[in-house]
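Enquirer:
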Amino acid sequence: MENEEEAEALSSNPTREALDLDPALQKKRQTMLERLSNRHQTRTDSSLTRRSAESDSASSPSFESTSTFLSRFSNSKSSIESQLAQCRLSDPTQLKPQLDQISSSISDLEKLVAENSYFLPSYEVRSSLKAVSDLRQSLENLSAELLPKKKFSFRNKGPKKDPIAEPKEKEKEKEPEKSGFRVPASPGIWNKKGETLVHNFKGSEVGEFTISDLDSCEVRLMGSVRALFVHRLRNCKVYTGPVTGSVLIEGVEGCVLVMASHQIRIHNAKRCDFYLRVRSRPIIEDSCEVRFAPYCLSYKGIEEELRETTLDEETENWANVDDFLWLRAVQSPNWSVLPENERVGLIDISNSEEVRPLPVLLVSMCAWSKR
Amino acid sequence: MGLLSIIRKIKRKEKEIRILMVGLDNSGKTTIVLRINGEDTSVVSPTLGFNIKTLTYQKYTLNIWDVGGQKTIRSYWRNYFEQTDGLVWVVDSSDLRRLDDCKMELDNLLKEERLSGSSLLILANKQDIKGSLTPEEIGKVLNLEAMDRTRHWNIVGCSAYTGEGLLEGFDWLVQDIASRIYVLD
Chain A
53 MENEEEAEAL SSNPTREALD LDPALQKKRQ TMLERLSNRH QTRTDSSLTR
103 RSAESDSASS PSFESTSTFL SRFSNSKSSI ESQLAQCRLS DPTQLKPQLD
153 QISSSISDLE KLVAENSYFL PSYEVRSSLK AVSDLRQSLE NLSAELLPKK
203 KFSFRNKGPK KDPIAEPKEK EKEKEPEKSG FRVPASPGIW NKKGETLVHN
253 FKGSEVGEFT ISDLDSCEVR LMGSVRALFV HRLRNCKVYT GPVTGSVLIE
303 GVEGCVLVMA SHQIRIHNAK RCDFYLRVRS RPIIEDSCEV RFAPYCLSYK
353 GIEEELRETT LDEETENWAN VDDFLWLRAV QSPNWSVLPE NERVGLIDIS
403 NSEEVRPLPV LLVSMCAWSK R
Chain B
-11 MGLLSIIRKI KRKEKEIRIL MVGLDNSGKT TIVLRINGED TSVVSPTLGF
39 NIKTLTYQKY TLNIWDVGGQ KTIRSYWRNY FEQTDGLVWV VDSSDLRRLD
89 DCKMELDNLL KEERLSGSSL LILANKQDIK GSLTPEEIGK VLNLEAMDRT
139 RHWNIVGCSA YTGEGLLEGF DWLVQDIASR IYVLD
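Chains as they are written, first to last, in my numbering: chain A, 53 to 423; chain B, -11 to 173.
1) Do residue 303 of chain A and residue 283 of chain A have their beta-carbon atoms positioned less than 8 angstroms apart in this structure?
2) Please determine, among A:280, A:369, A:168 and A:396, the residue with the shortest C-alpha to C-alpha distance to residue 328 of chain A.
3) Taking C-beta pairs closer than 8 angstroms, name the residues in chain A that residue 119 of chain B reaches, listed in chain order.
4) Could you say which of B:164, B:96, B:150 and B:163 lies nearest to residue 135 of chain B if we only look at CA atoms?
5) In terms of residues, what are the limits of the beta strand (DSSP E) holding residue 34 of chain B?
6) Consult DSSP for residue 270 of chain A and reduce its assignment to one of helix, strand or coil.
7) For residue 241 of chain B and residue 94 of chain B, which I take to be in contact (beta-carbon distance under 8 angstroms), what is that distance rounded to the nearest angstrom?
8) On a Cα-Cα basis, can you pick out the residue from A:344, A:160, A:360 and A:198 that is closest to residue 374 of chain A?
9) So within the stretch 23 to 104 of chain B, which uninterrupted alpha helix (DSSP H) runs reach at least 4 residues, ignoring any that extend past its ends?
10) What is the C-beta distance between residue 15 of chain B and residue 79 of chain B, in whole angstroms, given that I count them as a contact (C-beta under 8 angstroms)?
11) Is it buried or exposed for residue 261 of chain A, if we count other Cβ within 10 angstroms and need 16 for buried?
12) Report the neighbours of residue 115 of chain B on chain A: residues whose CB is nearer than 9 angstroms to its CB, in chain order.
13) Reducing DSSP to helix, strand and coil, say where residue 260 of chain A ends up.
14) What residues in its chain sit with their C-beta under 6 angstroms from that of residue 248 of chain A, if we drop five residues either side in the sequence?
15) Could you name the residues of chain A that residue 23 of chain B contacts, counting a contact when the two beta carbons are closer than 9 angstroms?
16) Reducing DSSP to helix, strand and coil, say where residue 135 of chain B ends up.
17) Would the stretch 169 to 183 of chain A count as touching the stretch 142 to 149 of chain A if we require 3 or more Cβ pairs under 8 angstroms?
18) Establish whether the CB of residue 383 of chain A and some CB of chain B are separated by less than 8 angstroms.
19) Between B:73, B:74 and B:53, which has its C-alpha nearest residue 64 of chain B's C-alpha?
20) Is residue 137 of chain B buried or exposed, if buried means 16 or more other CB atoms sit within 10 Å of its CB?
21) If the cut-off is 9 angstroms on Cβ atoms, which residues from the stretch 49 to 65 of chain B count as contacting chain A, listed in chain order?
22) Exposed or buried, residue 40 of chain B, counting other C-beta atoms within 10 Å across all chains shown (16 or more means buried)?
23) Just the C-alpha distance for residue 114 of chain B and residue 254 of chain A, rounded to the nearest angstrom, thanks.
24) Assign residue 159 of chain B to one of three DSSP states: helix, strand, or coil.
25) What span of residues does the beta strand (DSSP E) with residue 107 of chain B cover, start to end?
26) Which of the three DSSP states is assigned to residue -10 of chain B in this structure?
27) Give me the chain B residues within the contact set of residue 362 of chain A, using Cβ-Cβ distance strictly less than 8 angstroms, ordered along the chain.
28) Three or more C-beta pairs closer than 8 angstroms, one from the stretch 169 to 177 of chain A and one from the stretch 116 to 133 of chain A: is that the case here?
29) Select from A:274, A:135 and A:81 the residue whose C-alpha is nearest the C-alpha of residue 350 of chain A.
30) Below 8 angstroms on the Cβ atoms is my contact criterion, and I expect residue 105 of chain B with residue 7 of chain B to pass it. Report the Cβ-Cβ distance as a whole number of Å.
31) Please determine, among B:117, B:68, B:66 and B:12, the residue with the shortest C-alpha to C-alpha distance to residue 277 of chain A.
32) Would you list the residues sitting across from residue 7 of chain B in a DSSP beta bridge?
33) Check the Cβ of residue 162 of chain A against every Cβ in chain B and list those closer than 8 angstroms, keeping chain order.
34) Are the beta-carbon atoms belonging to residue 29 of chain B and residue 44 of chain B less than 8 angstroms from one another?
35) Whole angstroms is fine: what's the gap from residue 372 of chain A's alpha carbon to residue -8 of chain B's?
36) Can residue 430 of chain A and residue 298 of chain A be called in contact, C-beta distance under 8 angstroms?
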């Protein structure tokens, strides 16, 4: 209506000059022009606000109109599709963030459907959800294709990635750590040949102690330690005081070991004689031609140390050996009780000169001749 | 009442948690189990096979399967994976030489699909022994940070000898499992 009025007012322009002189008419014209410009102002304003309201609704979408929803939906859908297509061409290093971005736009799209589902016809809801899940599927296919480990990481990691990539990483990481920790952390005796090595721990607190990579040596440890590790010895004699925790022996050959401990585990031992006092049952694994006899060590103060570590009592467990590779009732062929006449007598290491040298060769010969 | 709420109710009534203790031999698994159960730990033989302990912890019943760790019987560990809610990996923190073995065995274990949903508690045992690595150092050596993100895990230093740290570790494990499986009251 008002538009017509304005049009009328404007179309009256040609006659305006004639009316110019009439002050009343002039005044009227003035107000008319004001009204016009005001109207124009409000019109542009309202169209601006309408437009901005529309763009607001993009972020919190609820249009309550199926067609608006559908056009919006198809817009986002095609933009996601084109992004997916672009991924194939893009730089592999950028791929991960790109795929993440697409995945989040798909989620947004799904949210859009969910937020508008209350007014949409059920057919539209169903077909939109189907489209979303198709998009998601094609994203998964694409990422499986371009970043193969992403989707199948669980399965692929095992057979494929491990032998090549991981051990390398592991070694790289470990090497500095090992050299950083191990050398200062673990007291012990390493890499000796043909020596007699004596340690007296009396009065000092010793945690774990390692004897490793010795050839034809004699080791005498007096005083108690918490844990003892014995690794890779050949033709050695090892005499130790009480070990409060456990002894772990791995890879010994042609040796004589005299030890007292709460637990003793023996792995990969060959042709060895063990003189043990153990609170629990000693075990052997992957061992053969090993023989057992009771503990027979003596030095000044050993009785007291054994008492303090509750190893003073003879439990006869030295003969209750469990062989983890022989789980049958009959005696394991891998170990035997050392015949009394072949045992060494009491070994006294209080004084180095008094130690009777054990004929290691003879021991191994005995073992051989028995078989 | 929906089916889900019935199932939840039944679960809540049972409140049973199955825990599998594994780790290399000599790491102290059996001693830990005996210690938390308040039993004598002065004579513990290396485990040939397995032990089961059922004990009540807070308001839950824990079934703890302590499986021997000797090399020859490690291949039998997988017989115990089914329905495991919590996995306890015990490390001898004083056995520096075999940390590589320890990492390898743990990595193998965590690849196991049947264990993928279980919470993992790593006990850095034997902290009382001088020269042992700290739990942080053990964590670094085992590269725990690189673990799959979906895994719930925690590392706690402990000593089966003194009992220190055990409660803290098991508290975490039970809470984590309970909040996963049972709806907290």
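The beta carbon of each residue, even a glycine, is placed where N, CA and C say it ideally should be.
Expert: Per the coordinate set shown:
1) The answer is yes: Cβ separation under 8 angstroms.
2) The candidate whose alpha carbon is nearest that of residue 328 of chain A is A:369.
3) Here the neighbours are 237, 238, 239, 259 and 260.
4) Among B:164, B:96, B:150 and B:163, the Cα nearest to that of residue 135 of chain B belongs to B:96.
5) Here residue 34 of chain B belongs to no beta strand (DSSP E), and DSSP marks it neither H nor E.
6) Taken through DSSP and simplified to helix, strand or coil, residue 270 of chain A comes out as strand.
7) With chain B covering only -11 through 173, there is no way to say anything about residue 241 of chain B.
8) Minimum Cα-Cα distance from residue 374 of chain A among the listed residues A:344, A:160, A:360 and A:198 corresponds to A:344.
9) As far as the stretch 23 to 104 of chain B is concerned, its whole alpha helix (DSSP H) runs of at least 4 residues are 59 to 62 and 87 to 98.
10) Right, the Cβ-Cβ distance comes to about 6 angstroms (below 8 angstroms), so this counts as a contact.
11) Under this definition residue 261 of chain A is a buried residue.
12) The premise fails here: residue 115 of chain B is roughly 10 angstroms from chain A at the closest Cβ pair, so nothing lies under 9 angstroms.
13) Three-state DSSP puts residue 260 of chain A in a strand.
14) The answer, listed in chain order, is 270.
15) What residue 23 of chain B touches in chain A: nothing, since even the nearest Cβ is about 14 angstroms away.
16) The three-state reading of DSSP puts residue 135 of chain B in coil, since its state is none of H, G, I, E or B.
17) Counting C-beta pairs with one atom in each stretch, the stretch 169 to 183 of chain A and the stretch 142 to 149 of chain A have fewer than three that are closer than 8 angstroms, which means they do not touch.
18) It does not; no Cβ of chain B falls within 8 angstroms.
19) Nearest C-alpha to residue 64 of chain B: B:53.
20) Exposed, by the Cβ-count rule.
21) Across the stretch 49 to 65 of chain B, CB contacts with chain A closer than 9 angstroms involve 56, 58, 59, 60 and 61, in sequence order along the chain.
22) Label assigned to residue 40 of chain B: exposed.
23) Each residue's Cα considered, the two are about 22 angstroms apart.
24) Assigned with DSSP and collapsed to three states, residue 159 of chain B falls in helix.
25) Unbroken beta strand (DSSP E) run through residue 107 of chain B: 107 to 113.
26) Reduced to three states, the DSSP call for residue -10 of chain B is coil.
27) Listed by position along chain B, the residues whose Cβ is nearer than 8 angstroms to that of residue 362 of chain A are 30.
28) As far as the Cβ criterion goes, the stretch 169 to 177 of chain A touches the stretch 116 to 133 of chain A, which means the pair count is three or higher.
29) Minimum Cα distance to residue 350 of chain A is reached at A:274.
30) The Cβ separation is near 14 angstroms, so there is no contact.
31) Out of B:117, B:68, B:66 and B:12, B:117 has the C-alpha closest to the C-alpha of residue 277 of chain A.
32) In the DSSP output, where bridge partners are listed per residue, residue 7 of chain B has B:52 and B:74.
33) Residue 162 of chain A does not reach chain B, its nearest Cβ partner there being about 22 angstroms away, counting only Cβ pairs nearer than 8 angstroms.
34) Not closer than 8 angstroms, so no.
35) So the alpha carbons of these two residues sit roughly 54 angstroms apart.
36) The shown model of chain A, from 53 to 423, leaves out residue 430 of chain A, and the question about it has no answer.
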